[in-house]
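What follows is a set of notes on a single structure, which appears directly below.
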Amino acid sequence: MTVVASQQLPVLLRVRSSTIFIVTAVAIAVFTDTFLYGLLIPVFPSALQERCSVPESKVQMYTSYLVGLTGAGNLIGAFFFGWLADHTSNRRFSLLLSLSVLTVATVLIWIAHNVAILYAGRFLQGLASAAVWSVGLALLVDTVGKREIPVVMGYVNVAFSAGTVTGPFVGGIVYSLAGYDATLGLAVGLLGLDIILRLLIVEKRDLQQILESSAVDEANEDVVQPLLGTPTASTNNRHAQTSYSSPLPATQENQEDEGTEVEVAYKTLINSKRLVVLLVCAIVQAITMSSFEVTLPLHLRDIFNYDPKGAGLAFIPLMVPAFFSPAIGYVCDRVGNKIVAFLGYILCAVALVLLRLPTHKDTLNEVGMFGDLLMIGTAMCMTMTPVLTEIFVAVEDLEEQKPGRFGPYGAYAQAYGLFEFVYSAGILGGPIMAGWLRTSFSWNALTLVLGTHFSLIDRYLQ
């Protein structure tokens, strides 16, 4: 009998390869990404003046360029890291590479005393950010069963919202109390935690090879099986094999023996009507949220005389519902993603049009405005969680139609890379469109256009 000595296996292998640990690590990576993005937003105007000697008259323009460069980095990184993760034997390499880029970006922003270095840091930050979504979400679908994906995506949405809400808030407080160095020091500290977690991750497919290399025979099946977990038929045969006797390379050999032609994943994905509809859903949501970022504070100032602090509070009802995303994921699993998304888009379309009703400052109008924003935040959660889940389902269906078409490592990272690409495009284009509609026409025209977008999506979901 062959016995597995404890020293033959990596330390804490059971914990590091567990679903809970991997989901937690990815969620913290998402939180870190969005937190660091928001942390620096209130810092940049002062940093441009005090550290880079930018004239006050040009601060707004330079700040806009910083936001644009982040989006440009996202667009490029989404394709690169998505492709890389689906063409290497594990996802962790891509995650660690992106984290290295993010660390360099943070250091550049910290030491920057001229605009060029600041721009370079912000561009690299956007580049690295794309990997969190394309590679991180692909790692999640490799790890969990099909039934758990909606709930897991809900937790990702919680992490995203938590980082979005707390980043600018914490950045403003730390910068005002302790200065620029303390703010960037906080960023580096959070990166340190993220580095540790990403280094500790042991992917499920790596776990299989580790156990096989430890010379475990059938007599020790009671040791192997708890570590590997119960086999699921949830993902694809590459990532969740029902038999643990063949390592991943054997799967690749089998595909080559069968003569399966490996397709260019991006081309196949873009030609999928189902996936295209999901990407349209993503870009509409990105346009809507980014439109609010640039127009809502000004609109609230005009009708309610809100100062920046009051306008900032108005974003709370947009974000709070995201913390209930796991519950929405649970509902999606029970009644179906399509039904939840359909109801979410109807709710959002109605709420967006109703935003035209508050016109002057009184209690009823303020309650109505915040109620509408709460409805929109809830609707966004009802649509985002199903979209993230359905991207996985769409890729899985393409694979089932022609097994092996995406090669041994699949196309999940590239599919989520496309999601990140269109979402980033929406973040870039949304403020431009919203600003033009509000200034050239009116707030009512803006909300009507946004509401119409959501109602049109519902036609495709029927």
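By full-length UniProt numbering, the letter at position 220 of the sequence shown is numbered 220, and the numbering carries on one by one without gaps.
By construction, the Cβ of each residue, glycine as well, lies at the ideal position given by its N, Cα and C atoms.
This structure is a prediction, so every number in the text was calculated from the model and none was measured.
* Asked: Does DSSP put residue 361 in a helix, in a strand, or in coil?
  -> Coil.
* Should residue 278 and residue 394 be called a contact, given that it needs their Cβ atoms to be closer than 9 angstroms? -> Yes, the pair counts as a contact, with Cβ atoms nearer than the cut-off.
* Asked: Roughly how many angstroms separate the alpha carbons of residue 164 and residue 212, rounded to a whole number?
  -> In a straight line, the C-alpha of residue 164 is about 42 angstroms away from that of residue 212.
* Residue from 386, 352, 330 and 406 whose Cα sits closest to the Cα of residue 151 -> Proximity to residue 151 across 386, 352, 330 and 406 peaks at 330, based on C-alpha coordinates.
* Asked: Between the stretch 105-124 and the stretch 70-78, do three or more beta carbon pairs fall short of 8 angstroms?
  -> Verdict: yes, contact present.
* To do: Answer yes if the stretch 265-281 comes into contact with the stretch 321-340, meaning at least three C-beta pairs across the two stretches below 8 angstroms, and no otherwise.
  => No, they do not touch.
* Asked: Under a CB-based cut-off of 9 angstroms, is residue 61 close to chain B?
  -> No chain B appears in this structure, which consists of one protein chain only.
* Taking all protein chains shown into account, do 16 or more other C-beta atoms lie within 10 angstroms of the C-beta of residue 299, making it buried, or fewer, making it exposed? -> Residue 299 counts as buried, since no fewer than 16 other beta carbons sit within 10 angstroms of its beta carbon.
* Asked: Would you call residue 310 buried or exposed, if buried means 16 or more other Cβ atoms sit within 10 Å of its Cβ?
  -> Flag for residue 310 reads exposed.
* **Beta-carbon proximity check, residue 172 vs residue 43, cutoff 9 angstroms** => A contact, by the Cβ cut-off of 9 angstroms.
* Do the CB positions of residue 21 and residue 200 come within less than 9 angstroms of each other? -> Yes.
* Please state whether DSSP places residue 399 in a helix, a strand or coil. => Looking at residue 399 - three-state DSSP - the assignment turns out to be helix.
* Just curious, the alpha helix (DSSP H) that residue 45 is in, first and last residue? -> 44-50 is the span of the alpha helix (DSSP H), which, as asked, contains residue 45.
* **From 170, 336, 367 and 210, residue whose alpha carbon lies closest to that of residue 389** => Looking at the Cα atoms, 336 is the closest of the given residues.
* Assigned exposure category for residue 11 - 16 Cβ within 10 Å defines buried -> Only exposed fits residue 11, as fewer than 16 other CB atoms lie within 10 angstroms of its CB.
* Asked: Would residue 285 be called buried (16 or more neighbouring beta carbons within 10 Å of its own) or exposed?
  -> Classification of residue 285: buried, given that the 10 Å Cβ count is 16 or more.
* To do: Leaving aside the five residues before and after residue 27 along the sequence, list all residues of the same chain whose C-beta is less than 7 angstroms from its C-beta, in chain order.
  => Closer than 7 angstroms at Cβ, skipping near neighbours: 155, 156 and 159.
* To do: Using a threshold of 9 angstroms, state whether the C-beta atoms of residue 29 and residue 95 are closer than that.
  => With respect to the 9 angstroms criterion, residue 29 and residue 95 are classified as neighbours on the basis of their beta carbons.
* Asked: Using 8 angstroms as the threshold, is the stretch 89-109 in touch with the stretch 426-439, meaning 3 or more CB pairs across them?
  -> Flag = no, the stretch 89-109 and the stretch 426-439 do not touch.
* Asked: Helix or strand or just coil, what does DSSP make of residue 268?
  -> Three-state result, residue 268: helix.
* For residue 225, which of helix, strand or coil comes out of DSSP? -> For residue 225, the pLDDT reaches just 49, beneath the cut-off of 50, and the residue's location in the model is therefore unreliable, although a value from the coordinates is still provided. Helix.
* Got a sec, what are the start and stop residues for the alpha helix (DSSP H) residue 28 sits in? -> Here the alpha helix (DSSP H) through residue 28 covers 19-39.
* **residue 88 in three-state terms, based on DSSP** => In this structure, residue 88 counts as coil in the three-state DSSP scheme.
* **Extent of the continuous alpha helix (DSSP H) to which residue 290 belongs** => Start and end: 273-304.
* Nearest to residue 288 by CA position, among 383, 112 and 107, is which residue? -> Ranked by Cα distance from residue 288, the options 383, 112 and 107 are led by 383.
* Asked: Quick one: does the C-beta of residue 176 sit closer than 8 angstroms to a heavy atom of the ligand FAD?
  -> For the ligand FAD, the structure offers nothing, since it holds no ligand at all.
* Starting from the Cα of residue 377, find the closest Cα among 209, 141, 345 and 111 and give me that residue. => Closest in alpha carbon position to residue 377, among 209, 141, 345 and 111, is 345.
* Asked: Going by beta carbon distance, what residues of the same chain come within less than 7 angstroms of residue 463, once the five residues before and after it are set aside?
  -> Since the displayed the chain opens at 1 and closes at 462, residue 463 lies outside it and no answer follows.
* To do: Can you tell me which of the three DSSP states residue 447 falls into?
  => Of the three classes helix, strand and coil, the one that applies to residue 447 here is helix, per DSSP.
* Asked: With DSSP run on the structure shown, which of helix, strand or coil describes residue 154?
  -> It is helical.
* **Cα-Cα separation, residue 439 to residue 445** => In a straight line, the C-alpha of residue 439 is about 10 angstroms away from that of residue 445.
* To do: Give the straight-line distance between the Cα atoms of residue 399 and residue 405, rounded to the nearest whole angstrom.
  => Straight-line Cα distance between these residues: approximately 6 angstroms.
* Near residue 420, what residues of its chain come up, given a Cβ to Cβ distance below 6 angstroms and the 5 sequence neighbours on each side ignored? -> Correct list, in chain order: 78, 130, 133 and 134.
* Give a yes or no on whether the C-beta atoms belonging to residue 425 and residue 381 are separated by under 9 angstroms. => Using a Cβ distance threshold of 9 angstroms, residue 425 and residue 381 do not count as a contacting pair.
* Asked: How about residue 319 and residue 161: do their beta carbons lie closer than 9 angstroms?
  -> Closer than 9 angstroms, so yes.
* Where the alpha helix (DSSP H) through residue 201 begins and ends -> Bounds of any alpha helix (DSSP H) do not take in residue 201, whose DSSP letter is neither H nor E.
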